[in-house]
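Visitor: Numbering (our numbering), first residue to last: -11 to 351. Each residue gets a CB set at the ideal place from its N, CA and C atoms; glycine is no exception. Small disclaimer: the values here were computed from a predicted structure and weren't measured.
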């Protein structure tokens, strides 16, 4: 196991600039305790850079990060700049150039929180999202722009290899968990790609005869995620379906502000990227009220990926204990600001079970 790690940090835009520093502080504290070192390479790649230089990151940005052990991303997106510009100028090129074909999104009902849209008292779901093809392909185009007959074509790309590797990753995860897997589909309405998806998933399922497999239409699965989230365990889904479904499940479990995401290159030929799901949230940026749990949890996923599982568990235990004690940010019904909540987590990491805090209103 390595004892030194080189991590590229892209705080990005909006609340990413606010939640990134405390997450890094937590990791630095744990690194010192567990005897490893993290060197941060901070990159000022964001919307301000785009407005200044015409690009979200340098033309050789991928090459600059290629020798690193991971990428820690806050959020990208800014009012006045189209989302496709910010996303396709930074995050998606990183995912594709580093072949991060698995997007792993956990949803768990943390101690102290209640499910928002059901009476479930236990939610523990892993969404395995295919991350580099599917509906988010860049194949297509627009013609006759600005005219009444303007046309847009967007092609969805599903390859056997792409579906197989996502399905196999999900089945392996199901082996280590509850032995159940759901494949999200829409083969009753999408005539070519979804029946193909079903066929490939079924082929992979033959390698895992002990896994209980369901194929569920995405609309029915979304309803089930709201009404019976405790019936779900591992879900494998296409790029679009996995994206939307994981956001919905996070909201059901408390708040999209707590949801983490890992963009994985399972073979470790390239760095993997870790980020919260919440986005840049310009409506609350600069107010000091953003929930840092998503960034911290993404940091824990990064630590686990680096082989530092003990440190990862300490971090998730710490923020969960703070929440369980009733000390939360506004999106979870509390009054703590970003800094106050982060200080509480750092105090928990230092004091363990002796931790106490008096909740205060943020300035």
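Taking the beta strand (DSSP E) that residue 185 belongs to, which residues open and close that run?
Guide: Element bounds for residue 185: not the beta strand (DSSP E) but the alpha helix (DSSP H), 181 to 193.
Visitor: Compute the distance between the beta-carbons of residue 175 and residue 182, then report whether it is under 7 Å.
Guide: Cβ distance < 7 Å, so residue 175 and residue 182 count as in contact.
Visitor: Please classify residue 342 as buried or exposed, where buried requires at least 16 neighbouring CB atoms within 10 angstroms.
Guide: Confidence is the limiting factor: at residue 342 the pLDDT is only 49, short of 50, which leaves the residue's position unreliable and the question unanswerable from this model.
Visitor: Is the region 311 to 325 touching the region 31 to 40 in the sense that three or more CB pairs, one from each, lie closer than 8 Å?
Guide: no
Visitor: Tell me residue 339's beta-bridge partners as DSSP assigns them.
Guide: The partner list for residue 339 (beta bridge, DSSP) is empty, contrary to what the question assumes.
Visitor: By the 10 Å Cβ neighbour count, where 16 or more other Cβ atoms means buried, how is residue 148 classified, buried or exposed?
Guide: When all chains shown are included, residue 148 counts as exposed.
Visitor: Between residue 115 and residue 223, is the Cβ-Cβ spacing less than 7 Å?
Guide: yes
Visitor: Do you know how far the Cα of residue -1 is from the Cα of residue 93?
Guide: In this structure, the CA atom of residue 93 is about 20 Å from the CA atom of residue -1.
Visitor: Roughly how many whole angstroms lie between the Cα atoms of residue 23 and residue 10?
Guide: 20 Å
Visitor: Determine the DSSP secondary structure at residue 119, reduced to helix, strand or coil.
Guide: DSSP places residue 119 in coil when its eight states are reduced to three.
Visitor: Quick check on the DSSP output: the alpha helix (DSSP H) that includes residue 232 runs from which residue to which?
Guide: For residue 232, the enclosing alpha helix (DSSP H) starts and ends at 227 to 240.
Visitor: Going by alpha carbons, who is nearest to residue 256 out of 112, 90, 125 and 118?
Guide: 90
Visitor: Using only CA atoms, which one of 259, 216, 29 and 260 lies nearest to residue 240?
Guide: 216
Visitor: Using DSSP with H/G/I as helix, E/B as strand and the rest coil, what is residue 287?
Guide: helix
Visitor: Quick check: what's the CA-CA separation for residue 337 versus residue 283?
Guide: Here the alpha carbons of residue 283 and residue 337 stand approximately 16 Å from one another.
Visitor: Could you check the C-alpha separation between residue 54 and residue -9 for me, to the nearest Å?
Guide: 19 Å
Visitor: Measuring straight from C-alpha to C-alpha, what distance separates residue 84 and residue 124?
Guide: 11 Å
Visitor: Can you look up residue 89 in the DSSP assignment and give me helix, strand or coil?
Guide: Assignment of residue 89 by DSSP, reduced to helix, strand and coil, places it in the coil class.
Visitor: Starting from residue 264, trace the beta strand (DSSP E) both ways and give me its first and last residue.
Guide: 261 to 264
Visitor: To the nearest angstrom, how far is it from the Cα of residue 132 to the Cα of residue 298?
Guide: 57 Å
Visitor: Mind the definition here: the region 241 to 248 touches the region 318 to 327 only if three or more C-beta pairs lie below 8 Å; say whether that holds.
Guide: The region 241 to 248 is in contact with the region 318 to 327.
Visitor: From 62, 330, 143 and 139, pick the residue whose C-alpha is nearest to that of residue 250; which is it?
Guide: 62
Visitor: Return the Cβ separation of residue 141 and residue 129 in integer angstroms, given the expectation that the two are a contact with Cβ distance under 8 Å.
Guide: 6 Å
Visitor: Can you tell me whether residue -11 is buried or exposed? The criterion is at least 16 other CB atoms within 10 Å of its CB, across all chains shown.
Guide: exposed
Visitor: Consult DSSP for residue 54 and reduce its assignment to one of helix, strand or coil.
Guide: Look at residue 54 here: in three-state DSSP terms it is coil, with no helix or strand label.
Visitor: If you run the structure through DSSP and keep just helix, strand and coil, what is residue 326?
Guide: helix
Visitor: Is residue 287 near residue -5, with beta carbons less than 7 Å apart?
Guide: No. Outside cutoff.
Visitor: What is the rounded straight-line gap between the Cα of residue 212 and the Cα of residue 167?
Guide: Cα to Cα, the separation comes out at about 19 Å.
Visitor: Distance, Cα to Cα, residue 82 vs residue 32?
Guide: 15 Å
Visitor: Could you name the residues that DSSP lists as bridge partners for residue 79?
Guide: Beta-bridge pairing links residue 79 to no other residue.
Visitor: Rounding to the nearest angstrom, what Cα-Cα distance links residue 206 and residue 227 in this structure?
Guide: 12 Å
Visitor: Give the secondary structure of residue 35 by DSSP, where H, G and I count as helix, E and B as strand, and everything else as coil.
Guide: If DSSP states are grouped into helix, strand and coil, residue 35 belongs with the helices.
Visitor: Between the Cα of residue 49 and those of 277, 118 and 79, spot the shortest distance and give me the residue it belongs to.
Guide: 79
Visitor: Rounded to the nearest angstrom, what separates residue 77 and residue 161 at their Cα positions?
Guide: Separation of residue 77 and residue 161 (C-alpha to C-alpha, rounded to the nearest whole angstrom) is 32 Å.
Visitor: First and last residue of the beta strand (DSSP E) that includes residue -1?
Guide: -8 to 0 is the extent of the beta strand (DSSP E) around residue -1.
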